[in-house]
Amino acid sequence: MKGLATFAASAGLLWACSEGLTLSQRTNASPKVVGFPVVRKSVPNPLKRDQLRRRSGTVQATLDNEETLYFANATLGTPAQTVRLHIDTGSSDLWVNTATSDLCTAKGKACTAAGTYSANDSSTYSYIASDFNITYVDGSGASGDYVTDNFTLGSTTLKTLQFGIGYTSSSAEGILGIGYQLNEVQVQRAGKSAYLNLPAQLVSDGLISSNAYSLWLNDLDASTGSILFGGVDTDQFQGTLATLPIQSESGGQYGEFLLTLTGLSLGDTVIAKDQAQAVLMDSGSSLTYLPDAMAEAIYDQVSAQYDSQEGAAYIPCSMASNSTTVGFTFSSPTIQVSMDELVIEISSSSGKPLTFSDGERACLFGIAPAGSSTPVLGDTFIRSAYLVYDLANNEISIAQTNFNATSNNVVEITTGTAAVPSATVVQNPVTATAGATNEAMAGTVTLGAGGTATATSKAKSGAKITMPPMKLTALAVSLGMLYAAM
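So this is what it looks like as C-alpha coordinates:
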(Lines of atoms letter the chains of each structure in order from A and count residues from 1; the text may use other names and numbers.)
(Lines give C-alpha, C1' and ligand atoms only; values in the text may rest on other atoms or scores of the structure.)
Protein backbone atom coordinates (compact mmCIF):
# COMPACT_ATOMS: atom_id res chain seq x y z
CA MET A 1 0.00 0.00 0.00
CA LYS A 2 1.30 3.41 -0.92
CA GLY A 3 1.00 6.47 1.27
CA LEU A 4 2.15 10.04 0.84
CA ALA A 5 5.75 10.31 -0.28
CA THR A 6 7.96 13.29 -0.97
CA PHE A 7 11.28 12.50 -2.50
CA ALA A 8 14.20 13.84 -4.41
CA ALA A 9 15.27 11.86 -7.47
CA SER A 10 18.42 11.48 -9.48
CA ALA A 11 18.69 11.18 -13.23
CA GLY A 12 21.12 9.31 -15.43
CA LEU A 13 24.60 9.53 -13.99
CA LEU A 14 23.64 12.33 -11.62
CA TRP A 15 22.61 12.11 -8.01
CA ALA A 16 20.10 14.43 -6.38
CA CYS A 17 20.99 16.82 -3.62
CA SER A 18 18.72 18.93 -1.48
CA GLU A 19 20.21 22.15 -2.83
CA GLY A 20 18.57 21.70 -6.23
CA LEU A 21 19.08 20.60 -9.79
CA THR A 22 22.28 19.21 -11.22
CA LEU A 23 22.71 18.75 -14.96
CA SER A 24 25.74 17.09 -16.44
CA GLN A 25 27.21 17.90 -19.84
CA ARG A 26 28.96 14.81 -21.10
CA THR A 27 32.54 14.84 -22.36
CA ASN A 28 33.45 13.59 -25.83
CA ALA A 29 34.59 10.30 -24.31
CA SER A 30 31.28 9.71 -22.58
CA PRO A 31 27.73 9.15 -23.86
CA LYS A 32 26.25 12.40 -25.11
CA VAL A 33 23.39 12.58 -22.63
CA VAL A 34 21.87 15.14 -20.31
CA GLY A 35 20.22 13.99 -17.11
CA PHE A 36 18.69 15.92 -14.28
CA PRO A 37 16.99 15.12 -10.98
CA VAL A 38 13.35 15.70 -10.30
CA VAL A 39 11.73 16.34 -6.94
CA ARG A 40 8.27 14.99 -6.22
CA LYS A 41 5.70 16.81 -4.11
CA SER A 42 2.45 15.55 -2.65
CA VAL A 43 -0.85 16.12 -4.42
CA PRO A 44 -3.74 16.27 -1.96
CA ASN A 45 -6.34 15.96 -4.71
CA PRO A 46 -5.13 13.92 -7.72
CA LEU A 47 -8.48 13.60 -9.46
CA LYS A 48 -9.19 17.33 -9.29
CA ARG A 49 -5.64 18.05 -10.45
CA ASP A 50 -6.09 15.74 -13.43
CA GLN A 51 -9.37 17.43 -14.30
CA LEU A 52 -7.60 20.77 -14.58
CA ARG A 53 -5.29 19.28 -17.21
CA ARG A 54 -8.18 18.74 -19.62
CA ARG A 55 -8.01 21.88 -21.70
CA SER A 56 -10.52 23.23 -24.16
CA GLY A 57 -8.49 23.38 -27.37
CA THR A 58 -5.63 21.57 -28.91
CA VAL A 59 -2.93 22.85 -26.58
CA GLN A 60 -2.35 20.47 -23.73
CA ALA A 61 -0.59 21.78 -20.66
CA THR A 62 -0.79 21.53 -16.92
CA LEU A 63 -2.20 24.25 -14.72
CA ASP A 64 -2.40 23.11 -11.14
CA ASN A 65 -4.25 24.96 -8.45
CA GLU A 66 -2.98 22.28 -6.07
CA GLU A 67 0.57 21.32 -5.30
CA THR A 68 2.56 20.16 -8.29
CA LEU A 69 4.08 16.75 -8.94
CA TYR A 70 7.61 16.26 -10.25
CA PHE A 71 9.64 19.41 -10.68
CA ALA A 72 13.17 20.60 -11.40
CA ASN A 73 15.02 23.65 -10.16
CA ALA A 74 16.46 25.94 -12.82
CA THR A 75 17.39 29.57 -13.38
CA LEU A 76 16.38 32.12 -16.00
CA GLY A 77 18.00 35.39 -17.01
CA THR A 78 21.09 37.40 -16.12
CA PRO A 79 21.62 37.60 -13.21
CA ALA A 80 20.04 34.23 -12.54
CA GLN A 81 16.48 34.07 -11.20
CA THR A 82 15.59 30.74 -9.59
CA VAL A 83 12.38 28.97 -10.62
CA ARG A 84 10.87 25.57 -9.89
CA LEU A 85 9.29 23.93 -12.93
CA HIS A 86 6.77 21.12 -13.18
CA ILE A 87 8.13 18.60 -15.70
CA ASP A 88 5.39 17.59 -18.13
CA THR A 89 5.63 15.20 -21.09
CA GLY A 90 2.10 16.16 -22.10
CA SER A 91 2.89 19.77 -23.00
CA SER A 92 5.55 21.49 -25.05
CA ASP A 93 6.09 24.98 -23.64
CA LEU A 94 8.20 26.22 -20.77
CA TRP A 95 6.41 29.00 -18.93
CA VAL A 96 6.85 30.81 -15.64
CA ASN A 97 4.97 33.26 -13.48
CA THR A 98 5.93 36.86 -12.94
CA ALA A 99 5.70 38.36 -9.47
CA THR A 100 3.18 40.92 -10.72
CA SER A 101 0.74 38.32 -12.08
CA ASP A 102 -2.83 38.27 -10.79
CA LEU A 103 -2.25 35.01 -8.94
CA CYS A 104 1.02 35.99 -7.29
CA THR A 105 -0.23 39.36 -6.10
CA ALA A 106 -3.73 38.25 -5.07
CA LYS A 107 -2.60 35.36 -2.91
CA GLY A 108 0.40 36.93 -1.26
CA LYS A 109 3.10 34.28 -1.14
CA ALA A 110 1.42 31.80 -3.48
CA CYS A 111 4.31 31.96 -5.95
CA THR A 112 7.15 32.22 -3.46
CA ALA A 113 8.02 28.52 -3.32
CA ALA A 114 8.16 28.07 -7.09
CA GLY A 115 9.81 31.39 -7.81
CA THR A 116 9.00 34.02 -10.42
CA TYR A 117 10.72 35.70 -13.35
CA SER A 118 11.13 39.42 -13.97
CA ALA A 119 12.01 40.37 -17.54
CA ASN A 120 13.04 43.87 -16.44
CA ASP A 121 15.66 42.43 -14.10
CA SER A 122 17.44 40.42 -16.82
CA SER A 123 20.03 41.92 -19.16
CA THR A 124 19.69 38.98 -21.59
CA TYR A 125 15.89 39.08 -21.93
CA SER A 126 14.37 39.57 -25.38
CA TYR A 127 10.66 40.06 -26.19
CA ILE A 128 9.06 38.02 -29.00
CA ALA A 129 5.27 38.45 -28.95
CA SER A 130 2.26 38.72 -26.66
CA ASP A 131 0.54 35.57 -27.90
CA PHE A 132 1.22 33.06 -25.14
CA ASN A 133 -2.25 31.91 -24.09
CA ILE A 134 -3.71 28.63 -22.79
CA THR A 135 -7.34 28.24 -21.74
CA TYR A 136 -8.89 25.29 -19.90
CA VAL A 137 -12.43 23.94 -19.82
CA ASP A 138 -12.97 25.22 -16.28
CA GLY A 139 -12.00 28.74 -17.33
CA SER A 140 -8.50 28.66 -15.83
CA GLY A 141 -5.39 29.27 -17.87
CA ALA A 142 -2.29 31.34 -18.40
CA SER A 143 -1.53 34.19 -20.77
CA GLY A 144 1.26 36.64 -21.41
CA ASP A 145 4.38 37.05 -23.54
CA TYR A 146 6.71 34.79 -25.44
CA VAL A 147 10.32 35.79 -24.75
CA THR A 148 13.84 34.40 -24.90
CA ASP A 149 16.49 34.40 -22.21
CA ASN A 150 19.29 32.29 -20.80
CA PHE A 151 18.08 29.07 -19.17
CA THR A 152 20.39 27.21 -16.82
CA LEU A 153 20.17 23.69 -15.43
CA GLY A 154 23.02 23.05 -13.04
CA SER A 155 26.21 24.14 -14.79
CA THR A 156 24.80 24.04 -18.33
CA THR A 157 23.19 27.10 -19.89
CA LEU A 158 21.03 27.21 -22.99
CA LYS A 159 21.30 30.61 -24.64
CA THR A 160 18.14 32.41 -25.80
CA LEU A 161 15.70 29.62 -24.97
CA GLN A 162 12.13 30.59 -25.81
CA PHE A 163 9.48 30.41 -23.07
CA GLY A 164 6.27 32.04 -21.94
CA ILE A 165 5.66 34.51 -19.12
CA GLY A 166 2.33 34.13 -17.35
CA TYR A 167 1.17 37.64 -16.49
CA THR A 168 -2.25 36.11 -15.87
CA SER A 169 -2.22 32.60 -14.45
CA SER A 170 -4.05 30.02 -12.36
CA SER A 171 -0.96 28.06 -11.34
CA ALA A 172 1.66 28.92 -8.76
CA GLU A 173 4.06 26.50 -10.43
CA GLY A 174 5.81 27.07 -13.75
CA ILE A 175 5.78 24.32 -16.37
CA LEU A 176 8.61 22.63 -18.25
CA GLY A 177 6.85 21.04 -21.22
CA ILE A 178 8.94 18.53 -23.17
CA GLY A 179 6.45 17.23 -25.73
CA TYR A 180 6.17 17.61 -29.49
CA GLN A 181 6.85 21.07 -30.91
CA LEU A 182 3.56 20.80 -32.83
CA ASN A 183 1.79 21.11 -29.49
CA GLU A 184 3.35 24.46 -28.65
CA VAL A 185 0.95 27.32 -27.97
CA GLN A 186 2.68 29.39 -30.64
CA VAL A 187 1.71 26.77 -33.22
CA GLN A 188 -1.75 25.83 -32.01
CA ARG A 189 -3.00 29.24 -30.94
CA ALA A 190 -1.12 31.73 -33.08
CA GLY A 191 -0.70 29.57 -36.19
CA LYS A 192 3.03 30.28 -36.32
CA SER A 193 5.94 27.97 -36.99
CA ALA A 194 7.30 25.85 -34.15
CA TYR A 195 10.24 27.07 -32.10
CA LEU A 196 13.00 25.07 -30.41
CA ASN A 197 11.65 23.95 -27.04
CA LEU A 198 13.96 22.38 -24.47
CA PRO A 199 14.50 18.91 -26.05
CA ALA A 200 14.94 20.41 -29.51
CA GLN A 201 17.31 23.07 -28.17
CA LEU A 202 19.43 20.41 -26.48
CA VAL A 203 19.85 18.77 -29.89
CA SER A 204 20.53 22.06 -31.65
CA ASP A 205 23.21 22.98 -29.11
CA GLY A 206 24.90 19.59 -29.53
CA LEU A 207 24.29 18.43 -25.96
CA ILE A 208 22.40 15.33 -27.12
CA SER A 209 22.37 13.58 -30.49
CA SER A 210 18.66 12.94 -30.93
CA ASN A 211 15.37 14.40 -29.71
CA ALA A 212 14.62 11.56 -27.32
CA TYR A 213 14.57 10.97 -23.60
CA SER A 214 13.87 8.18 -21.13
CA LEU A 215 11.61 8.29 -18.09
CA TRP A 216 11.91 6.14 -14.95
CA LEU A 217 9.53 7.03 -12.14
CA ASN A 218 10.47 4.10 -9.92
CA ASP A 219 8.36 2.70 -7.09
CA LEU A 220 5.94 5.05 -5.33
CA ASP A 221 7.82 4.51 -2.07
CA ALA A 222 11.27 4.88 -3.63
CA SER A 223 13.67 7.77 -3.13
CA THR A 224 14.97 7.93 -6.71
CA GLY A 225 13.65 8.53 -10.19
CA SER A 226 15.07 10.04 -13.35
CA ILE A 227 14.62 11.74 -16.69
CA LEU A 228 17.52 11.26 -19.09
CA PHE A 229 17.73 13.27 -22.31
CA GLY A 230 19.54 11.60 -25.19
CA GLY A 231 20.14 8.31 -23.40
CA VAL A 232 18.85 5.08 -21.92
CA ASP A 233 19.84 3.54 -18.59
CA THR A 234 19.73 -0.20 -19.21
CA ASP A 235 19.90 -0.97 -15.48
CA GLN A 236 16.51 0.65 -14.90
CA PHE A 237 14.39 -1.85 -16.82
CA GLN A 238 13.94 -5.60 -17.16
CA GLY A 239 14.24 -7.56 -20.39
CA THR A 240 14.26 -5.81 -23.75
CA LEU A 241 12.77 -2.50 -24.73
CA ALA A 242 9.93 -3.00 -27.22
CA THR A 243 9.57 -0.19 -29.75
CA LEU A 244 6.05 0.85 -30.76
CA PRO A 245 4.86 3.52 -33.21
CA ILE A 246 3.24 6.64 -31.83
CA GLN A 247 -0.17 7.03 -33.43
CA SER A 248 -0.43 10.00 -35.74
CA GLU A 249 -3.32 12.42 -35.61
CA SER A 250 -5.29 14.05 -38.41
CA GLY A 251 -3.17 14.86 -41.41
CA GLY A 252 -0.52 12.38 -40.32
CA GLN A 253 0.96 14.81 -37.82
CA TYR A 254 2.30 13.97 -34.37
CA GLY A 255 1.27 16.08 -31.42
CA GLU A 256 0.67 13.71 -28.50
CA PHE A 257 2.14 10.46 -27.21
CA LEU A 258 -0.60 8.05 -28.28
CA LEU A 259 -0.02 4.28 -28.23
CA THR A 260 -2.41 1.46 -29.11
CA LEU A 261 -3.66 -0.62 -26.18
CA THR A 262 -4.61 -4.06 -27.49
CA GLY A 263 -5.39 -5.99 -24.33
CA LEU A 264 -6.07 -5.77 -20.61
CA SER A 265 -5.99 -8.49 -17.98
CA LEU A 266 -6.29 -8.94 -14.24
CA GLY A 267 -4.21 -11.90 -13.18
CA ASP A 268 -5.40 -14.81 -15.33
CA THR A 269 -8.68 -13.07 -16.17
CA VAL A 270 -8.89 -11.44 -19.59
CA ILE A 271 -10.64 -8.09 -19.28
CA ALA A 272 -10.32 -7.09 -22.94
CA LYS A 273 -8.55 -8.55 -25.97
CA ASP A 274 -8.19 -7.78 -29.66
CA GLN A 275 -8.52 -4.08 -28.93
CA ALA A 276 -7.27 -1.13 -30.97
CA GLN A 277 -7.69 1.59 -28.37
CA ALA A 278 -5.62 4.76 -28.60
CA VAL A 279 -4.32 5.73 -25.15
CA LEU A 280 -2.35 8.80 -24.13
CA MET A 281 0.91 8.19 -22.27
CA ASP A 282 0.87 11.14 -19.89
CA SER A 283 3.24 11.50 -16.98
CA GLY A 284 1.36 14.63 -15.96
CA SER A 285 -1.76 12.63 -15.09
CA SER A 286 -1.87 11.23 -11.56
CA LEU A 287 -4.23 8.34 -12.30
CA THR A 288 -5.01 6.00 -15.19
CA TYR A 289 -8.24 6.52 -17.13
CA LEU A 290 -9.58 3.53 -19.09
CA PRO A 291 -12.64 3.08 -21.31
CA ASP A 292 -15.62 2.74 -19.01
CA ALA A 293 -16.33 -0.91 -19.82
CA MET A 294 -12.73 -1.88 -18.99
CA ALA A 295 -12.73 0.12 -15.77
CA GLU A 296 -16.03 -1.40 -14.66
CA ALA A 297 -14.83 -4.94 -15.40
CA ILE A 298 -11.79 -4.38 -13.19
CA TYR A 299 -13.96 -2.87 -10.45
CA ASP A 300 -16.10 -6.00 -10.45
CA GLN A 301 -13.03 -8.21 -10.02
CA VAL A 302 -11.39 -6.24 -7.20
CA SER A 303 -14.53 -5.24 -5.27
CA ALA A 304 -14.10 -1.56 -6.07
CA GLN A 305 -17.06 0.76 -5.60
CA TYR A 306 -17.52 3.59 -8.08
CA ASP A 307 -18.94 7.03 -7.31
CA SER A 308 -20.08 8.74 -10.50
CA GLN A 309 -20.47 12.12 -8.81
CA GLU A 310 -16.81 12.13 -7.83
CA GLY A 311 -15.49 10.13 -10.78
CA ALA A 312 -13.61 8.00 -8.26
CA ALA A 313 -13.52 4.35 -7.33
CA TYR A 314 -12.89 3.12 -3.79
CA ILE A 315 -11.35 -0.23 -2.98
CA PRO A 316 -10.65 -2.19 0.21
CA CYS A 317 -7.20 -1.15 1.40
CA SER A 318 -6.41 -4.81 2.03
CA MET A 319 -6.18 -5.28 -1.76
CA ALA A 320 -2.78 -3.56 -1.66
CA SER A 321 -1.24 -6.81 -0.43
CA ASN A 322 -2.94 -8.89 -3.12
CA SER A 323 -0.44 -10.44 -5.53
CA THR A 324 -2.70 -10.00 -8.56
CA THR A 325 -1.41 -7.67 -11.26
CA VAL A 326 -3.14 -5.70 -14.00
CA GLY A 327 -1.60 -6.41 -17.40
CA PHE A 328 -1.57 -3.78 -20.16
CA THR A 329 -0.74 -5.21 -23.60
CA PHE A 330 0.51 -3.20 -26.56
CA SER A 331 0.45 -5.58 -29.55
CA SER A 332 3.26 -7.68 -28.08
CA PRO A 333 4.76 -6.30 -24.84
CA THR A 334 2.73 -6.47 -21.64
CA ILE A 335 3.41 -4.26 -18.62
CA GLN A 336 2.28 -5.69 -15.29
CA VAL A 337 1.09 -3.23 -12.64
CA SER A 338 0.88 -4.55 -9.09
CA MET A 339 -2.06 -3.77 -6.84
CA ASP A 340 0.09 -1.87 -4.35
CA GLU A 341 0.74 0.72 -7.09
CA LEU A 342 -3.02 1.17 -7.55
CA VAL A 343 -4.30 1.27 -3.96
CA ILE A 344 -3.96 4.77 -2.50
CA GLU A 345 -4.49 5.60 1.16
CA ILE A 346 -6.98 8.31 2.06
CA SER A 347 -8.40 9.57 5.33
CA SER A 348 -11.05 11.96 6.56
CA SER A 349 -10.31 15.58 7.45
CA SER A 350 -10.26 14.52 11.09
CA GLY A 351 -7.55 11.98 10.33
CA LYS A 352 -9.81 8.98 10.72
CA PRO A 353 -9.63 6.21 8.12
CA LEU A 354 -12.37 6.12 5.52
CA THR A 355 -14.34 2.88 5.73
CA PHE A 356 -17.07 1.08 3.82
CA SER A 357 -20.42 0.44 5.49
CA ASP A 358 -19.19 -2.96 6.73
CA GLY A 359 -16.29 -1.31 8.56
CA GLU A 360 -13.59 -2.32 6.08
CA ARG A 361 -11.08 0.43 5.38
CA ALA A 362 -11.51 2.14 2.00
CA CYS A 363 -8.75 3.43 -0.29
CA LEU A 364 -8.80 5.33 -3.57
CA PHE A 365 -8.28 3.10 -6.61
CA GLY A 366 -5.76 4.30 -9.19
CA ILE A 367 -7.93 3.47 -12.22
CA ALA A 368 -10.86 5.69 -13.22
CA PRO A 369 -13.27 5.70 -16.17
CA ALA A 370 -12.33 7.92 -19.10
CA GLY A 371 -15.90 8.72 -20.06
CA SER A 372 -15.95 10.58 -23.36
CA SER A 373 -12.30 11.66 -23.04
CA THR A 374 -9.26 9.97 -24.56
CA PRO A 375 -8.09 7.15 -22.26
CA VAL A 376 -4.93 8.10 -20.37
CA LEU A 377 -2.22 5.90 -18.90
CA GLY A 378 -0.97 8.09 -16.09
CA ASP A 379 1.43 7.67 -13.21
CA THR A 380 -0.33 4.67 -11.67
CA PHE A 381 0.65 2.84 -14.87
CA ILE A 382 3.86 4.63 -15.83
CA ARG A 383 5.62 3.86 -12.55
CA SER A 384 5.66 0.20 -13.59
CA ALA A 385 7.09 0.96 -17.04
CA TYR A 386 10.39 2.27 -18.35
CA LEU A 387 9.57 4.59 -21.24
CA VAL A 388 11.74 6.03 -23.98
CA TYR A 389 10.08 8.89 -25.85
CA ASP A 390 11.72 9.06 -29.29
CA LEU A 391 10.30 12.22 -30.82
CA ALA A 392 12.73 12.07 -33.73
CA ASN A 393 11.33 8.75 -34.97
CA ASN A 394 7.79 9.04 -33.56
CA GLU A 395 8.19 5.96 -31.42
CA ILE A 396 7.98 4.94 -27.78
CA SER A 397 10.04 2.08 -26.44
CA ILE A 398 8.65 0.35 -23.38
CA ALA A 399 9.78 -2.27 -20.87
CA GLN A 400 8.91 -3.48 -17.39
CA THR A 401 10.62 -1.20 -14.91
CA ASN A 402 13.34 -2.35 -12.56
CA PHE A 403 12.23 -0.85 -9.27
CA ASN A 404 14.92 0.56 -6.99
CA ALA A 405 17.82 -0.07 -9.35
CA THR A 406 21.10 0.42 -7.49
CA SER A 407 23.42 0.81 -10.49
CA ASN A 408 23.56 2.79 -13.72
CA ASN A 409 24.50 1.88 -17.28
CA VAL A 410 23.80 4.88 -19.48
CA VAL A 411 23.94 4.39 -23.24
CA GLU A 412 23.55 7.19 -25.75
CA ILE A 413 20.58 7.39 -28.13
CA THR A 414 22.11 8.04 -31.53
CA THR A 415 20.61 9.44 -34.72
CA GLY A 416 18.63 7.67 -37.42
CA THR A 417 16.16 4.81 -37.18
CA ALA A 418 16.67 2.11 -34.56
CA ALA A 419 18.58 4.70 -32.55
CA VAL A 420 17.36 3.54 -29.13
CA PRO A 421 19.87 1.07 -27.66
CA SER A 422 18.71 -2.32 -26.36
CA ALA A 423 15.39 -1.92 -28.20
CA THR A 424 13.57 -4.29 -30.55
CA VAL A 425 10.91 -3.07 -32.96
CA VAL A 426 7.54 -4.78 -32.46
CA GLN A 427 6.53 -6.54 -35.66
CA ASN A 428 3.10 -5.80 -37.20
CA PRO A 429 1.87 -3.55 -34.38
CA VAL A 430 -1.85 -2.85 -34.22
CA THR A 431 -2.91 0.60 -35.35
CA ALA A 432 -5.42 2.42 -33.20
CA THR A 433 -8.92 2.94 -34.49
CA ALA A 434 -11.31 5.67 -33.38
CA GLY A 435 -11.85 5.76 -29.64
CA ALA A 436 -14.63 3.53 -28.41
CA THR A 437 -17.90 5.13 -27.37
CA ASN A 438 -18.22 4.74 -23.63
CA GLU A 439 -21.49 4.06 -21.88
CA ALA A 440 -21.49 6.16 -18.73
CA MET A 441 -21.21 4.50 -15.36
CA ALA A 442 -23.28 5.30 -12.31
CA GLY A 443 -22.93 4.64 -8.61
CA THR A 444 -22.30 6.43 -5.35
CA VAL A 445 -20.04 6.12 -2.34
CA THR A 446 -21.27 8.48 0.36
CA LEU A 447 -19.88 9.38 3.74
CA GLY A 448 -21.75 8.37 6.83
CA ALA A 449 -21.13 9.43 10.41
CA GLY A 450 -17.56 9.07 11.60
CA GLY A 451 -16.10 8.97 8.12
CA THR A 452 -17.86 5.82 6.93
CA ALA A 453 -18.44 5.33 3.21
CA THR A 454 -21.61 3.57 2.18
CA ALA A 455 -21.29 2.10 -1.31
CA THR A 456 -24.15 1.54 -3.68
CA SER A 457 -24.56 0.24 -7.22
CA LYS A 458 -21.71 0.20 -9.73
CA ALA A 459 -24.06 -0.62 -12.61
CA LYS A 460 -24.00 1.29 -15.86
CA SER A 461 -26.68 3.81 -16.66
CA GLY A 462 -27.93 5.36 -19.83
CA ALA A 463 -27.24 8.81 -18.43
CA LYS A 464 -24.26 10.61 -19.88
CA ILE A 465 -21.43 11.97 -17.78
CA THR A 466 -21.69 15.74 -17.90
CA MET A 467 -18.40 16.53 -16.22
CA PRO A 468 -14.87 15.23 -16.77
CA PRO A 469 -14.65 11.84 -15.01
CA MET A 470 -11.49 12.81 -13.16
CA LYS A 471 -13.16 15.62 -11.27
CA LEU A 472 -12.96 15.31 -7.51
CA THR A 473 -15.13 17.85 -5.73
CA ALA A 474 -15.92 18.84 -2.15
CA LEU A 475 -16.23 15.29 -0.84
CA ALA A 476 -12.66 14.31 -1.66
CA VAL A 477 -11.35 17.65 -0.46
CA SER A 478 -13.05 17.11 2.87
CA LEU A 479 -11.49 13.68 3.09
CA GLY A 480 -8.03 15.19 2.88
CA MET A 481 -6.83 12.96 0.03
CA LEU A 482 -3.07 12.74 -0.16
CA TYR A 483 -1.15 11.24 -3.05
CA ALA A 484 2.26 11.73 -4.67
CA ALA A 485 2.79 11.20 -8.42
CA MET A 486 4.31 12.82 -11.55
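Read in order, the letters of the sequence shown correspond to residues -24 to -1, 1 to 462 in mature numbering (1 follows the signal peptide of the UniProt record, and there is no 0).
By construction, the Cβ of each residue, glycine as well, lies at the ideal position given by its N, Cα and C atoms.
As the structure is a computational prediction, the values presented were derived from the model and not from experiment.
### Query
For the alpha helix (DSSP H) that contains Ser180, what are its first and last residues?
First-last of the alpha helix (DSSP H) with Ser180: 174 to 180.
### Query
In chain order, which alpha helix (DSSP H) runs of at least 4 residues are fully inside the stretch 351 to 376?
355 to 358
### Task
Check whether the Cβ atoms of Met270 and Ile291 lie closer than 7 Å to each other.
no
### Bounding residues of the alpha helix (DSSP H) (the contiguous stretch that carries Val278)
The continuous alpha helix (DSSP H) containing Val278 extends over residues 268 to 278.
### Task
List the DSSP bridge partners of Ile343.
Bridge partners of Ile343: Thr264.
### Query
So Thr391 packs on Ser186, CB below 8 Å; how close in whole Å?
With 8 Å as the limit, Thr391 and Ser186 qualify as a contact, their Cβ atoms being about 5 Å apart.
### Query
Taking the continuous alpha helix (DSSP H) assigned at Asp78, which residues delimit it?
78 to 82
### Burial state of Tyr112, where buried means 16 or more other Cβ atoms lie within 10 Å
With a pLDDT of only 45 at Tyr112, under 50, the local geometry of the prediction cannot be trusted, and no value is derived from it.
### Message
Would Gly207 pass as an interface residue toward chain D - the criterion being a Cβ-Cβ separation below 7 Å?
### Response
Any reference to chain D falls outside this structure, which holds one protein chain only.
### Query
With a CB to CB cut of under 7 Å and the five nearest residues on each side skipped, what residues in its chain are close to Glu388?
Pro7, Lys8, Val9, Ser185, Gly206, Gly207
#### Entry: Bridge partners - Asp125, DSSP secondary structure assignment
According to DSSP, Asp125 bridges with Leu137.
### Task
Would you be able to state if there are at least three C-beta pairs under 8 Å between the stretch 83 to 101 and the stretch 171 to 181?
no
### Message
Could you give the first and the last residue of the continuous beta strand (DSSP E) run that contains Gln214?
### Response
213 to 221
### Query
With distances taken between CB atoms, is the gap from residue 463 to Asp121 smaller than 7 Å?
Residue 463 falls outside the range modelled here, since the chain spans only -24 to 462, and no answer is possible.
#### Entry: Asn96 in three-state terms, based on DSSP
helix
### 8 Å CB neighbourhood of Pro309 in its chain, flanking five on each side removed
Ala218, Leu220, Ile374, Ala375, Val402
### Task
Apply the 10 Å Cβ neighbour rule to Asn96 and answer buried if 16 or more other Cβ atoms are within range, or exposed otherwise.
Residue environment: Asn96 is assigned as exposed (fewer than 16 neighbouring CB atoms within 10 Å of its CB, all protein chains considered).
### Message
Distance check for Ala254 and Thr350, CA to CA, integer angstroms please.
### Response
8 Å
#### Entry: For Glu225 and Tyr156, the rounded distance between their alpha carbons
12 Å
### Query
Rounded to whole angstroms, how far is the Cβ of Phe306 from the Cβ of Leu237, which I believe are closer than 8 Å?
6 Å
### Task
Could you name the residues that DSSP lists as bridge partners for Ile110?
Answer is Ala118, bridged to Ile110.
### Query
In whole angstroms, what separates the C-alpha of Leu266 from that of Asp276?
Distance between the alpha carbons of Leu266 and Asp276 is about 14 Å.
### Message
Which of the three DSSP states is assigned to Gln164 in this structure?
### Response
helix
### Query
If you drop the 5 nearest sequence neighbours on each side, which residues of the same chain put their C-beta closer than 6 Å to that of Ile358?
Leu193, Ser259
### Query
Is the number of C-beta pairs between the stretch 279 to 291 and the stretch 228 to 245 that are closer than 8 Å three or more?
Counting C-beta pairs with one atom in each stretch, the stretch 279 to 291 and the stretch 228 to 245 have fewer than three that are closer than 8 Å, which means they do not touch.
### Task
Please say whether Thr300 and Gln312 have beta carbons closer to each other than 7 Å?
no
### Task
Check Leu158 in the structure and name its three-state DSSP category.
helix
### Message
Measuring straight from C-alpha to C-alpha, what distance separates Ser398 and Asn369?
### Response
16 Å
### Query
Can you give the Cα-Cα distance for Asn49 and Val59, rounded to whole angstroms?
6 Å
### Task
Go ahead and label Gln229 buried or exposed: buried means 16 or more other beta carbons lie within 10 angstroms of its beta carbon, across all protein chains shown.
exposed
### Query
Is Glu415 helix, strand or coil when you go by DSSP?
Low confidence applies to Glu415: its pLDDT is 46, below 50, so where it sits in the model is not reliable, and the reading given next is rough at best. Of the three classes helix, strand and coil, the one that applies to Glu415 here is coil, per DSSP.
### Task
From the DSSP output, read off the bridge partner residues of Asp209.
Val386
### Message
Within 10 Å of its beta-carbon, does Asn380 have 16 or more other beta-carbons around it, so buried, or fewer, so exposed?
### Response
Asn380 is exposed by the Cβ-count criterion.
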